[in-house]
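K.L.:
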Amino acid sequence: MPKIPSEFNILTLFKGGGDDMDIETIHESLVNGKRQQMVDQIKEYGLYDFWCDYENYLMEIGDEQNTLRFFTDATISYFMLTER
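The sequence shown begins at 3 in this note's numbering and counts up by one.
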């Protein structure tokens, strides 16, 4: 059986975001119209972790209407730029 390093933490396998990437930075890219930058940041953050974390972030900072508007904009922008 392989030896697991002592500094290994199982939670790092599931945690989104790099050391220098956070949801607020990605959100600012979207708001400022830098959608290609947002796409790159989402990939760095972790695609599968991002969407749930982003929804939670939006719920904390705004109302339901803005949450839906920003989440929809981010989703459409991401897939339009990655699928072309």
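Just so you know, even glycine gets a beta-carbon here, dropped at the ideal spot from N, CA and C. Everything numeric in this text was worked out from a predicted model, so none of it was measured.
If contacts are defined as beta-carbon pairs under 8 Å, then D55 and I25 qualify, I think. What distance do you get, rounded to the angstrom?
P.N.:
That belief holds up - the Cβ atoms of D55 and I25 are roughly 6 Å apart, short of 8 Å.
K.L.:
To the nearest angstrom, report how far apart I44 and E62 are at their CA atoms.
P.N.:
For I44 and E62, the distance between alpha carbons rounds to 19 Å.
K.L.:
Alpha helix (DSSP H) containing R71: first to last residue?
P.N.:
Run containing R71: E66 to T84, per the alpha helix (DSSP H) assignment.
K.L.:
Using the C-alpha atoms, what's the distance from D42 back to E57?
P.N.:
The straight-line gap from Cα to Cα measures roughly 18 Å.
K.L.:
Which same chain residues end up closer than 7 Å to Q38 when comparing Cβ atoms and leaving out the 5 residues on each side of it in sequence?
P.N.:
The residues are L83.
K.L.:
Name the two residues that bound the continuous alpha helix (DSSP H) containing N58.
P.N.:
From DSSP, the alpha helix (DSSP H) with N58 extends over L49 to I63.
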